[in-house]
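Notes follow once the structure below has been shown.
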Amino acid sequence: MTEIFWLIPFVPALSAFILAVFGKILPKKYVSFQACFAVFISFTISVVSLLGLLRISHENYPIVKTLFSWIHSGSFESNLSLQLDPLSAVMALVVSGVGFLIHVYSVGYMAEDKGYTRYFTYLNLFTFAMLLLVMGSNIVLMFIGWEGVGLCSYLLIGFWYEKHSAANAGKKAFIVNRIGDAGFLLGIFFIFVLIGSGEFTAINKAISGGVITQGAATLIAILLFVGAIGKSAQIPLYVWLPDAMEGPTPVSALIHAATMVTAGVYMVSRMNMLYTFSGVAAQIVAIVGALTAVYAATMALTQNDIKRVLAYSTISQIGFMFIGCGVGAYAAGMFHLYTHAFFKSLLFLAAGSVMHALSGELDMRKMGGLKKYLPLTYPTFLIGAIAIAGVPFFSGFFSKDAILTQAYANGQYFIWALGIMGAVLTAFYMFRLIFLTFHGQERIEPEAKKHLHESPPMMTIPLVILAFFSVVAGYIGLPVVLGKNLNWFGRFLEPVIRVSHEAHLEIGTEWLLILISVAVALVGIYIAYVFYIRNPQIPHALVARFPFIYKLLYNKYYVDEIYNAAFVNSTVKGSEIIYDHFDLKVVDGAVNGTGSATNFSGKILSYLQTGLLKDYALVFLLGAILFLGYLLFF
Amino acid sequence: MNLPILSFVIFFPLAGAVILIFINKEKKNFLRSFAFSVALINFIISLTLYFNFNAQTPDPQFVEKEAWIGYGINYHVGIDGISLFLVLLSTFMMPIVILSSWTSIQKRIKEYLIFMLMLETGIIGVFVSLNLFLFYVFWEAMLIPMYFLIGAWGGPRRIYATLKYVLFTMFGSLLMLVAIFVLYTTYYKATGVYSFNLFDYYKIILNPNLQVWLFLAFALAFAIKVPMFPFHTWLPDAHVEAPTAGSVILAAVLLKMGAYGFLRFALPLFPEALEKFLPLLVILSLISIIYGGLMALIQKDIKSLVAYSSVSHMGLIMLAIFALNMEGIEGAIYQMLNHGLSTGALFLIVGILYERAHTRQIKDFGGVSKQMPVFSAFFLICMLSSVGLPGLNGFVGEVLCLFGVFKTNTLLAIIGVSTVILAAGYLLWMFQRVMQGPIKNEKILSFKDINKREIGYLIPIVILMFWMGIYPKPFLRKMDTSVTHLLNKVSRRERVFIKAEKDKGFISEIKKVLEKEKNKEMEEELR
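Chains P and Z, in that order, are what the protein sequence lines are.
Residue numbering for the first sequence follows the numbering used here, beginning at 1 and increasing consecutively.
Residue numbering for the second sequence follows the numbering used here, beginning at 1001 and increasing consecutively.
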């Protein structure tokens, strides 16, 4: 059965095609059935392929299926070929699995929407592009998926395009991503020029064979990482992700939390040999990740929009994943990607369920005390929050701890310290969100309260399933202190991610680090409890005391404003000035000037004009003869 | 293969135009259907060129050579892997534009259609001529119908726009005519043979100083046509004033003549001069890319936005040509086809909007998607094709162009990559302002979604966009040999016979060689 693994991306593609072309005449029920079913097929094949992969010996990885030669000109060659190895299998499983649940959830969430068919077309198309991204066997194909998911993100953020803010956010996401993609493209070019092939196996072979220098590897790795910075919303290109929350909530869960935005982490893990070989590039990845992890978390502290808090949280968590990759613990980074997919999509879907209950309300200041009204949403939301905060025995704890331990073990104490800071902040803002939303005083608008209800089973069942995985998903990657062979996840990825670099600590130190992580999570939660339940005046007092800091955080460091002024407005203004004063006046002016000058001299010369055709013909003929004669005989 | 397919493809539209003269001008629908059928049949016939094209040989195929006026002026046509697709692009677009002007052109429809068909003959003639005199005739002949199409069926400033367009083109082409005559006489002096045959000219190495002047004359004519910065200002005016069909043909096919001219004439004929001017040309191309993109960003009229985007896109094509390597030139040819499809389609789309709104100002639109969902999907696809999204045609061309440039000069490619960002900027922003957001203008509420005819002419383009994006092999493989051959010529790796200097001994030797070749040809013909 493993041979058909290449069908994984194409089933949703076929479904998207059918919906795009025949969507208008298909009944609504069938549309959602087909969309969900297609992703379910992909999920099934992913499971089967993964199981099949376990039975095949490591030497035969990856299994490559070449469909046809796609672009071939000169030395640029790229096939349409897919590969199956542990890394792509895990990703395919996450994408199709979480994707399936979110498709199902959407059936309930989007039931009333007019763009129902369009929505599922885009969602299927996204699943296709994302699966192509993770299964492509060469860098060009990865780029296709990379841009493809960007397109779907654009379409889905701007899904409610009548809303100005939604259309704007979609465009912003696309353009910011394109800046990263330009870097990625240059990275691809360097790979082709220096290595001669974009196939991952060939690239790895070239690196281990010493075909490229360390400097070249660094250059390529950094250029590719520019793409990752855009796609995975890291400093300085993260600005599009918070705005992306304009899209429907299931989209935020699938694309802007669980899958697409983590593509950068996947890419770095896929190219792990390159980053490890370069060294410098890996360090940059770690630094960018660590800074982003803290920086984004600080912005999440003061936001009142429930989805925006989650968006900043996503940026911050991806930062953690990059810390893992950057310090050489790619498996740990991937592990966090995998657990994060569960708990973050859970958080988003649960937030969607809250919104659904409150007729679309997003502002936490208008929530509070929702616990008793939402008997299923509340506990699942809570599980998600506990998981992300890093409380022991929940999935997020294991993966985050793996990353931080590895950072410490590799001597990256500064990075580790930033990670710990990020972890405190995470625990704090997540529980701030929980307390503001579900506990304390009710601040619900009377109009919204009338319709207050728990969501339908179509929506709550996926919540329960995701909550289940948010608890147990971590148990396939237990820390070394609990036993040598319990990190099944790491061992499974080993054929792709060679653990040459992973340093080991003494048992005592490792336990100490785990204790610190636990303490950090609990402290964060406790502070949130003090601030928002026991003594709600404290936050107000703090705002009054440090208005500058509050304003800075609340306005997200004014980065959007700065970017707008520095890049967008200046480009538009500059172009307008060039157009008015140069294009129209100088370039075109010269043309028109020549025209008038000719016109003027023409008027004078017109005295020579007799107006008789035969005269003209004669002059013309004479001229031509003279000219030709001159050329021929002189 | 003795059927004169190429001549048929060139002159069938002209024959159609002649027949149109005798049809009653009141039978409007019959006139339209007739012209459409002529164009469609011509497209179908032209497909046989593709299927019978031998990709293994660099020599021109479907060659027809007839004595015409004498003194080297022959009727000599043929195609290779470079012109094949440009001919197909022309025959493909023609039925589409005729269909697109079904209702938008009401006055003097008969004359309009006649000019359209005449234009097709001129265009194809340019792409297939192997005799420089013939080439020039077609090059100029094509101006006449275009002059009338803009001048008679254009917008309010059409007279200004036509004059500008014609004068610009004439200025360039007159210089080119002079250069052609100089080539002619130089060849005659060197060999004593009258010839306008392009392949004869390929065989001579000209004095580098002479090359400089000739190259400048040719390059100017072509650069105006492309257009390259700073010769671009005629383009937005011509586009804005031209009727939709005129804009489509202008963007899809006529601009390609400039790039084609470089590939066919300016590069292989004057390689030494090219080397001298390469830095300048590269800089102008680069400026075109960025300048065109920035200007497109701030246009208030959708049509002039698309026009400036053409300047930017054509800049990339030229940059890739000047990369002078396989990837660059194949990418450039591929991108010419892409640009023809996507920009042509965008002009069709603007035409569809204009027919409903009678305005092209961006600020008059907003929220059109809600009213025209099907149209919106087409618009989106065409826009993304122009942006160069993978899976659609634009990506394949763009990535090859940029890679070609990258191989010769990394820095240039790094600057050139900005087109990826700029194109997304101006197109998405325009799409947002026109199609998305709330409906502000009440007129939009009365817009009807696109009808079957409009879908009918957009669908073939969209299918091709996907095809060329997903499976480019059938296109690229037909170009390989011709492009390699061209590169050999440019880099002088090919056998050259004649050194056109006043070196009598050398020349007499060359004459002998030529005579021998002639004898051989005659022998072959006898056989």
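From the three backbone atoms N, C-alpha and C, an ideal C-beta is built for every residue, glycine too.
Between the beta-carbon of Pro242 of chain P and the beta-carbon of Arg178 of chain P, is there less than 7 angstroms? No, they are not a contact pair.
What residue range does the beta strand (DSSP E) around Tyr1075 of chain Z cover? First-last of the beta strand (DSSP E) with Tyr1075 of chain Z: 1073 to 1079.
Contact defined as beta carbons within less than 8 angstroms: I believe Ile63 of chain P pairs with Phe5 of chain P. What is the distance between those atoms, to the nearest angstrom? The Cβ separation is near 7 angstroms, so the contact holds.
In angstroms with no decimal places, state the Cα-to-Cα distance between Phe322 of chain P and Gly333 of chain P. Roughly 6 angstroms separates the two Cα atoms.
Proximal residues of chain Z, C-beta to C-beta of Ser69 of chain P below 8 angstroms: What Ser69 of chain P touches in chain Z, judged by beta-carbon distance under 8 angstroms, is Lys1473, going in chain order.
Excluding sequence positions up to five away, which residues of its chain have a Cβ less than 7 angstroms from the Cβ of Ser269 of chain P? Only Leu87, Cys325, Tyr330, Gly333, Met334, Ile497 meet the Cβ criterion.
Counting only Cβ pairs nearer than 7 angstroms, list the residues of chain P close to Asn1393 of chain Z. Think of a sphere of 7 angstroms around the beta carbon of Asn1393 of chain Z: no beta carbon from chain P falls inside it, the nearest being about 11 angstroms out.
Please state the DSSP three-state secondary structure of Asp1200 of chain Z. It is helical.
Note the first and the last residue of the continuous beta strand (DSSP E) segment covering Gln1061 of chain Z. Segment 1061 to 1070, the beta strand (DSSP E) holding Gln1061 of chain Z.
Members of the region 583 to 601 of chain P near chain Z, C-beta cut-off 7 angstroms: Of all residues in the region 583 to 601 of chain P, only Asp583, Val587, Asp588, Val591 place a beta-carbon less than 7 angstroms from a beta-carbon of chain Z.
Taking 7 angstroms as the CB-CB cut-off, is Asn1522 of chain Z touching chain P? Reading off the sequence, residue 1522 of chain Z comes out as Met, not Asn. Any Cβ of chain P closer than 7 angstroms to the Cβ of Met1522 of chain Z would place that residue at the interface, and such an atom is absent.
What residues from chain P crowd round Pro1438 of chain Z, counting only those whose CB sits closer than 7 angstroms? Residues of chain P passing the Cβ test: Glu162, His164.
I'd like to know whether the C-beta of Met1295 of chain Z is nearer than 7 angstroms to at least one C-beta of chain P. Chain P contact via Cβ: present.
Say whether chain P places a C-beta atom closer than 7 angstroms to the C-beta of Thr1233 of chain Z. With respect to chain P, the C-beta atom of Thr1233 of chain Z has a partner C-beta closer than 7 angstroms.
Okay, do the region 362 to 375 of chain P and the region 436 to 449 of chain P touch, 3+ Cβ pairs below 8 angstroms being the bar? Three or more beta-carbon pairs drawn from the region 362 to 375 of chain P and the region 436 to 449 of chain P are found closer than 8 angstroms, and the two stretches are therefore classed as touching.
Since Glu494 of chain P is in the alpha helix (DSSP H), which residue starts that stretch and which ends it? Bounds of any alpha helix (DSSP H) do not take in Glu494 of chain P, whose DSSP letter is neither H nor E.
N- and C-terminal bounds of the alpha helix (DSSP H) containing Pro1149 of chain Z: It is worth fixing the name first, because residue 1149 of chain Z is Leu in this sequence and not Pro. 1143 to 1153 is the span of the alpha helix (DSSP H), which, as asked, contains Leu1149 of chain Z.
Could you please give the first and the last residue of the uninterrupted beta strand (DSSP E) stretch that includes Ser81 of chain P? It spans 76 to 84 - the beta strand (DSSP E) in which Ser81 of chain P sits, taken as one unbroken run.
With a threshold of 7 angstroms between beta carbons, is Lys171 of chain P in contact with chain Z? Yes, Lys171 of chain P lies at the interface with chain Z (some Cβ there is under 7 angstroms from its Cβ).
Identify whether Gln1361 of chain Z lies in helix, strand or coil by the three-state DSSP scheme. Three-state DSSP puts Gln1361 of chain Z in a strand.
Using a Cβ-Cβ cutoff of less than 8 angstroms, which residues in the same chain neighbour Leu512 of chain P once the five nearest sequence positions on both sides are dropped? Result list for Leu512 of chain P: empty, nothing under 8 angstroms.
Neighbourhood of Ala1217 of chain Z by C-beta distance below 7 angstroms, restricted to the same chain and skipping five residues each side: Within the same chain, Cβ atoms closer than 7 angstroms to the Cβ of Ala1217 of chain Z are found at Leu1175, Met1176, Val1178, Ala1179, the five residues on either side in sequence being excluded.
If you run the structure through DSSP and keep just helix, strand and coil, what is Lys1300 of chain Z? Here Lys1300 of chain Z sits in coil by DSSP.
For the region 540 to 602 of chain P, list the alpha helix (DSSP H) runs that are entirely contained and at least 4 residues long, ordered along the chain. With a minimum length of 4 residues, the continuous alpha helix (DSSP H) runs that stay inside the region 540 to 602 of chain P are 547 to 554, 559 to 563, 570 to 577.
What does Ala579 of chain P touch in chain Z if you count any residue whose Cβ is under 7 angstroms from its own? Looking at the sequence shown, residue 579 of chain P is not Ala but Tyr. By Cβ distance, chain Z contributes Met1295, Ile1298.
is_contact[Phe1466 of chain Z, chain P] using C-beta, thresh 7 angstroms: With its beta carbon at least 7 angstroms from every one in chain P, Phe1466 of chain Z lies outside the interface.
Chain P beta carbons: is any one of them nearer than 7 angstroms to that of Phe1322 of chain Z? By this cut-off, Phe1322 of chain Z is not an interface position.
Cutting at 8 angstroms between CB atoms, please list the residues of its own chain near Gln1056 of chain Z, excluding the five before and the five after it. Hits under 8 angstroms: Thr1481.
Alpha carbon to alpha carbon, what distance is there between Leu1267 of chain Z and Pro1095 of chain Z? Counting only the Cα atoms, Leu1267 of chain Z lies some 33 angstroms from Pro1095 of chain Z.
Got a sec: is the Cβ-Cβ distance from Ile1421 of chain Z to anything in chain P below 7 angstroms? Closer than 7 angstroms: yes.
Do Thr1091 of chain Z and Asn1024 of chain Z come within 7 angstroms of each other at the CB atom, strictly closer than that value? When the beta-carbon positions are compared, Asn1024 of chain Z and Thr1091 of chain Z stay at least 7 angstroms from each other.
Which of the residues in the region 184 to 209 of chain P, read from start to end, lie with their CB under 9 angstroms from any CB of chain Z? Interface annotation for the region 184 to 209 of chain P against chain Z: Leu185, Leu186, Ile188, Phe189, Phe190, Phe192, Val193, criterion Cβ-Cβ distance under 9 angstroms.
Environment of Gly108 of chain P [buried if 16+ CB atoms lie within 10 Å]: Flag for Gly108 of chain P reads buried.
Tell me, which residues are paired with Asp363 of chain P by DSSP? Paired residue(s): P:Asp305.
Just checking: is the beta-carbon of Phe1506 of chain Z within a distance shorter than 7 angstroms of some beta-carbon in chain P? Its pLDDT being 47, under 50, Phe1506 of chain Z is placed unreliably in this model, and the value from its coordinates should be taken loosely. Interface flag for Phe1506 of chain Z against chain P is unset, since no Cβ pair is found closer than 7 angstroms.
Let me check one thing: in DSSP terms, what residues is Lys65 of chain P bridge-paired to? Paired residue(s): P:Leu82.
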